[in-house]
Amino acid sequence: MTTSLAEQPDMPPNSTLSIGAVMTRLKPEFPEVSISKIRFLESEGLVTPHRTPSGYRQFSPADVSRLRYVLAAQRDQYLPLKVIKDHLDAIDRGLEPAVPQARLPAANGSSDTPLPRDLAAGREVRMTRNELLAHSGLTATSLAELEQFGLLSAGPGGYFDADAAHVASTSAELLAVGLEARHLRSFRTAADREATLITQLVSAQAHQRDPDARERAGAEAAQLASTILRLHSRLVKAGLRRDLGR
Numbered sequence: 002m003t004t005s006l007a008e009q010p011d012m013p014p015n016s017t018l019s020i021g022a023v024m025t026r027l028k029p030e031f032p033e034v035s036i037s038k039i040r041f042l043e044s045e046g047l048v049t050p051h052r053t054p055s056g057y058r059q060f061s062p063a064d065v066s067r068l069r070y071v072l073a074a075q076r077d078q079y080l081p082l083k084v085i086k087d088h089l090d091a092i093d094r095g096l097e098p099a100v101p102q103a104r105l106p107a108a109n110g111s112s113d114t115p116l117p118r119d120l121a122a123g124r125e126v127r128m129t130r131n132e133l134l135a136h137s138g139l140t141a142t143s144l145a146e147l148e149q150f151g152l153l154s155a156g157p158g159g160y161f162d163a164d165a166a167h168v169a170s171t172s173a174e175l176l177a178v179g180l181e182a183r184h185l186r187s188f189r190t191a192a193d194r195e196a197t198l199i200t201q202l203v204s205a206q207a208h209q210r211d212p213d214a215r216e217r218a219g220a221e222a223a224q225l226a227s228t229i230l231r232l233h234s235r236l237v238k239a240g241l242r243r244d245l246g247r
């Protein structure tokens, strides 16, 4: 990812775009971008398009460059918005953005837990039952047992989504070492409790009519989920050290 805000070669210097045109321009490179996402980034101070007297946003080439920088930093480096904002401030002042903070080695760090980006809504996937079996390595009997214990369920039309595919693959790994589907039911129960807790924490914001508020609620929920999973990972590791005397 570049540390400068490159000009938009196909935009005349004094031209402007509507928010819909900006979304269309960015979508080939960032398929998940939406008008709501752009408004959210504006509300967070990452971009400040000009407003017409009637309130319409007008995005300049520099605004589009900033949006592209922000979206690339989120996608490629998983940087939080506060850090990206600091980077933009440094660039605006003619400085090089600070290098990412040093991280612990992979063996001691948190790279084994999902990042907030991993917990956000992704590309829609629809897999048939046979495709899910082929993808995960589950047997038809194991899949039926996972469904029985609430770990998997098909969506509309009988298709399975991307989350179901991940659950199926991970479950297959655990079943292969001797666990049974009934042993995994406790994971489903714990996950539901954690999801309910997170939902309660962001519910007030999520139920506002403002789409920007809902976007913020989704981002906050993903961050909370990542933090909870990191805590869970640490507690499991501590338990293993205790029980195995390591």
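Be aware that the sequence shown starts at 2, since it is given in my numbering, and climbs by one per residue. Ideal Cβ positions, reconstructed from N, Cα and C, are used throughout, including at glycine.
- With contacts defined by Cβ atoms closer than 7 angstroms, Ala169 and Leu133 form a contacting pair.
- One Cα belongs to Leu96, the other to Leu68, and the distance between them is close to 19 angstroms.
- Cβ neighbours of Leu27 within its own chain (closer than 6 angstroms, five residues either side excluded): Val34.
- Pairwise C-beta distances place the region 197–217 out of contact with the region 170–188, as fewer than three of them are shorter than 8 angstroms.
- Taking the C-beta atoms as reference points, Ser172 is found no nearer than 7 angstroms to Leu198.
- If you compare the alpha carbons of Ala207, His233, Ala141 and Leu232 with that of Glu221, the shortest gap goes to Ala207.
- About 11 angstroms separates the CB atoms of Leu42 and Leu89; that is not less than 8 angstroms, and the two are not in contact.
- Val203 sits close to Ala218, with the two beta carbons spaced by under 7 angstroms.
- Residues Glu45, Gly46 and Leu47 of the same chain have their beta carbon placed closer than 8 angstroms to that of Lys86, with the five preceding and five following residues left out of the count.
- DSSP, read as helix, strand or coil, puts Phe161 in strand.
- By the neighbour-count criterion, in which 16 or more other beta carbons inside 10 Å mark a residue as buried, Tyr70 falls on the buried side.
- Taking Ser137 as reference, the option from Ile20, Leu175 and Tyr57 with the minimal CA-CA separation is Leu175.
- A direct Cα-Cα distance of roughly 16 angstroms separates Arg130 from Gly151.
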